[in-house]
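Below is one structure, written out as structure tokens, with a few remarks after it.
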Amino acid sequence: MMAATTRTLPLRVPPLPSESLESWLETLAHRYRAQWGDLLDAVAHVDSARRGYRLTVCPTDAEVMSIATATGADPDAVRAMTLAHFADRAVAIDAASGLTGYFPWGIVTGSRFCPKCLADTEGRWQLSWRLGWSFICLRHRCLLVDRCPGCHNVQRLLPLYGRNIPQPGLCATILHPPGSRKSRRCATALADIPTAPMRTSHSAVVAQHVINDMIERNIGDFGVYRHAPQPCRDVLGDIRSIARRLLTEPEPRVLEQLVPSDVLTAHREVRFWKRGRGRAPAAQYLGRCAPADAATAAVGVTGALSMLAADDIESACVLLRELLDELRAQGRVSLDWVLAREPLKTPVLKSIERSALEQGMGALREPSYRIATGPTQIPSTHRTTEVDLIHCVPTLLWQAWSLLIAPPQLAQKVVRPTLSAAILLVGSKDPLSHPLEKLRSPLAEARARRAFGDLSHSPYWPNIRAALVRLHDFVADNPPPIDYSRRRILDYRDLLNVEQWLDICKSSGTRLRADCLTTVQFYLYERISCMPGALANYEWSNSMVAAYARQLPRRLTPELEGALHAHAEAFLRAHGIDTEPVDWHPDVRLVDDLELPGADSMQIDTGALHQLIREDDLSLAACAERLRSTVPHLRYILSIDPAPCARRRGSTNCPE
């Protein structure tokens with residue numbers, strides 16, 4: 004209906020490639036010597052001259068058809084002259100309102116411009132000059148200009164006054180001279196502004212090429228994104244995330260390594276340039292909007308792409324680490340600040356940040372931030388999850404895991420409580436002393452810190468850290484069948500008496516040895532409570548009994564182990580615990596894909612071990628040397644798969 008009432012204009016002026024709709028309509032008005040408001044009413048049937056900006060963003064279908072009918076242009080060509088052409092690639096458009104929404108550095112307020120392009124085209128304006136991501140004219144290889152040098156005002160900030168006849172190439176800002184009641188146009192010839200050409204290989208020119216290519220194809224697959232391409236919008240968010248850190252004040256020293264001196268000088272000069280209407284000073288830029296000046300945008304984008312254009316994440320993180328270290332040293336950012344910003348970060352940038360943050364963070368803090376284990380997260384102060392985990396984690400980490408995770412040269416009596424505390428540190432802001440206290444750990448904080456240091460010096464540390472985080476997540480999502488908090492507070496005084504022990508020996512065919520009672524009490528206590536027996540405050544809680552208990556797995560038989568297991572179940576039932584197993588551990592296959600220091604020592608021939616113990620009567624140390632394992636590993640294997648009694652001369656040779 005609208006198109007039927009639209010009169011076709013007799014004079015045809017074809018739009019230029021990449022020209023904005025607003026510029027083209029202004030050219031038509033200028034050729035017809037028509038007032039701007041009259042031209043808009045004739046071709047688009049808008050009610051007010053202020054609708055001109057809406058036409059530049061996202062005209063309605065009716066407005067597009069009306070303009071096409073009046074000018075003889077193709078409707079698709081008309082749409083391509085609006086910011087809707089860049090929708091979801093460089094800007095966000097609300098089709099209902101026809102206005103721009105939030106997008107990382109989507110558009111600038113007003114429009115930048117290239118004086119040489121204006122001179123070449125008699126004042127025609129390109130659509131891309133309104134984008135926050137445009138800062139270089141690729142045709143003339145120069146910085147875009149932001150303001151009229153005559154009035155220092157941003158161009159095309161406000162719609163043209165409806166009664167004015169457009170004058171392409173001249174500043175249209177309305178000035179109000181002091182002491183005068185009349186207003187006038189600035190009318191400065193924008194095409195006469197001098198510019199400084201750059202080399203084709205200039206990094207700012209290359210950066211603009213990268214940005215334009217990415218927006219055109221709607222995908223980022225350069226540099227660090229080569230092996231993991233990301234949507235254009237998300238990569239632009241990454242670039243902005245780094246750029247905003249580079250544009251903080253005082254200026255980071257690393258900026259001089261990333262950005263050519265001419266662009267950096269222009270950025271510094273523009274900080275103090277007199278501001279016109281509609282722009283905040285570039286020196287105050289810290290927000291989500293595009294920088295007010297092309298030079299500032301060029302510095303931010305060029306610096307960011309100097310990192311992101313690297314061949315791999317490791318190379319990219321070197322410069323980012325230098326930037327973050329400098330900002331952190333000055334107290335201008337914290338780890339939480341780095342990780343909390345920019346919810347639209349891609350997994351690629353998050354990986355770069357994790358690698359950058361990893362250096363110098365300290366082994367204790369890395370699990371807190373889940374470094375190198377997937378998305379880096381800010382530690383939480385929320386207590387609910389932690390309180391639940393107190394029930395899920397033993398004081399001494401499960402042997403199947405501690406022997407797998409820890410380097411063999413580290414003492415298990417130190418490693419096991421340290422690793423248990425480490426699980427509670429994952430994603431938490433708590434100091435190390437907190438989980439040690441809650442777990443009733445035998446370790447002093449200083450000793451646990453040294454153990455963390457020993458673990459972090461291992462070449463396996465990244466995998467150890469990843470295993471701890473996986474273990475944390477597993478028990479958080481799949482609570483164990485054992486309440487370890489309850490196990491820690493049970494009364495173990497009636498754990499095993501002499502009569503019970505003698506009955507066990509008789510039923511299992513073990514030679515009666517009443518003096519072994521304290522050793523077995525110690526062994527059962529650690530197995531049931533997952534706490535160190537040496538600190539249990541019972542009569543058998545001493546280092547001598549602990550030494551004997553360490554030898555008990557060598558003396559176990561399947562019959563004796565079964566009898567002890569049955570007694571442990573009876574003990575738990577006597578204390579009202581009849582639904583929990585005696586012991587348990589998460590499946591170690593959870594970390595099958597990780598190379599861990601104790602994995603090889605667990606891969607032994609159990610039959611050969613049994614023979615070395617029963618037939619050859621070797622010590623655990625000698626067996627470990629023969630089988631290329633360690634004594635703690637063999638001790639654990641024998642506790643879950645004891646060596647059967649040896650058959651000699653028709654009798655059963657059971658351990659004493």
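In this note's numbering, the protein residues as written are 4 to 659. Using N, Cα and C, we set each Cβ at its ideal position, and we do this for glycine too. In this text, all values refer to a predicted model and were calculated from it rather than measured experimentally.
{"Check": "Element boundaries [alpha helix (DSSP H), containing residue 268]", "Outcome": "264-274"}
{"Check": "Exposure of residue 509, with buried meaning 16 or more beta-carbon neighbours within 10 Å", "Outcome": "exposed"}
{"Check": "Beta carbon of residue 423 nearer than 8 Å to that of residue 435", "Outcome": "no"}
{"Check": "Residue 224 beta carbon less than 8 Å from that of residue 234", "Outcome": "no"}
{"Check": "Distance between beta carbons of residue 293 and residue 108, contact taken as under 8 Å", "Outcome": "4 Å"}
{"Check": "Residue 332 versus residue 324: straight-line alpha-carbon distance, rounded", "Outcome": "12 Å"}
{"Check": "Segments of 4+ residues assigned as alpha helix (DSSP H) that fall wholly inside the region 104-153", "Outcome": "118-124"}
{"Check": "Cβ-Cβ separation, residue 226 to residue 312 (assumed contact under 8 Å), whole Å", "Outcome": "4 Å"}
{"Check": "Any 3 or more C-beta pairs closer than 8 Å across the region 298-317 and the region 189-201", "Outcome": "no"}
{"Check": "In DSSP terms, what residue 178 is bridged to", "Outcome": "187"}
{"Check": "Anticipated Cβ contact below 8 Å, residue 629 with residue 641, distance rounded", "Outcome": "Wrong, their Cβ atoms sit about 14 Å apart, outside the cutoff."}
{"Check": "Residue 656 (DSSP reduced to helix, strand or coil)", "Outcome": "At residue 656, the pLDDT of 40 sits below 50, so the modelled position is not reliable; the number obtained from the coordinates is stated separately. If DSSP states are grouped into helix, strand and coil, residue 656 belongs with the strands."}
{"Check": "Beta-carbon proximity of residue 406 to residue 635, cut-off 8 Å", "Outcome": "yes"}
{"Check": "Continuous alpha helix (DSSP H) stretch holding residue 456: start and end", "Outcome": "448-459"}
{"Check": "Backbone CA spacing between residue 452 and residue 561 [nearest angstrom]", "Outcome": "39 Å"}
{"Check": "Proximal residues to residue 383 (C-beta, below 6 Å), its chain only, five neighbours per side dropped", "Outcome": "Any reading at residue 383 needs caution, since the residue's pLDDT is 43, under 50, leaving its predicted position unreliable; the model's value is listed next. Result list for residue 383: 430, in chain order."}
{"Check": "Bridge partner(s) assigned by DSSP for residue 22", "Outcome": "129"}
{"Check": "Where residue 289 falls, given that 16 or more other Cβ within 10 Å makes a residue buried", "Outcome": "In this predicted model, residue 289 has a pLDDT of only 46, less than 50, meaning its place in the structure is not dependable; the value taken from the coordinates is given anyway. It is exposed - the Cβ of residue 289 has fewer than 16 other Cβ atoms within 10 Å."}
{"Check": "Proximity to residue 591 [Cα-Cα], best of 637, 400, 572 and 221", "Outcome": "400"}
{"Check": "Three-state secondary structure assigned by DSSP to residue 38", "Outcome": "coil"}
{"Check": "Best match in 62, 220, 236 and 418 for proximity to residue 105 [C-alpha to C-alpha]", "Outcome": "236"}
{"Check": "Contact belief for residue 555 with residue 526 at Cβ below 8 Å, rounded distance in angstroms", "Outcome": "5 Å"}
{"Check": "DSSP beta-bridge partners of residue 45", "Outcome": "Answer is none; residue 45 lacks a bridge partner."}
{"Check": "Same chain, Cβ closer than 7 Å to residue 450, neighbours up to 5 away in sequence not counted", "Outcome": "417"}
{"Check": "Beta bridge counterpart(s) of residue 660 as assigned by DSSP", "Outcome": "The structure shown does not extend to residue 660, since the chain spans only 4 to 659, so no value can be given for it."}
{"Check": "Buried versus exposed, by CB contacts within 10 Å (16 or more), residue 125", "Outcome": "exposed"}
{"Check": "Separation of residue 504 from residue 620, as counted between CA atoms", "Outcome": "25 Å"}
{"Check": "N- and C-terminal bounds of the alpha helix (DSSP H) containing residue 551", "Outcome": "546-558"}
{"Check": "Residue 645 vs residue 538 beta-carbon contact at 8 Å", "Outcome": "no"}
{"Check": "Cα-Cα separation, residue 603 to residue 408", "Outcome": "11 Å"}
{"Check": "Contact set for residue 181: own chain, Cβ-Cβ below 8 Å, skip 5 residues either direction", "Outcome": "none"}
{"Check": "Minimum length 4: unbroken alpha helix (DSSP H) runs contained in the region 478-543", "Outcome": "487-492, 501-511 and 520-532"}
{"Check": "Beta-carbon separation (whole angstroms), residue 421 vs residue 455, contact threshold 8 Å", "Outcome": "6 Å"}
{"Check": "Helix, strand or coil at residue 302 according to DSSP, with G and I counted as helix", "Outcome": "helix"}
{"Check": "Opposing strand residues paired with residue 222 [DSSP bridges]", "Outcome": "234"}
{"Check": "Assigned exposure category for residue 547 - 16 Cβ within 10 Å defines buried", "Outcome": "exposed"}
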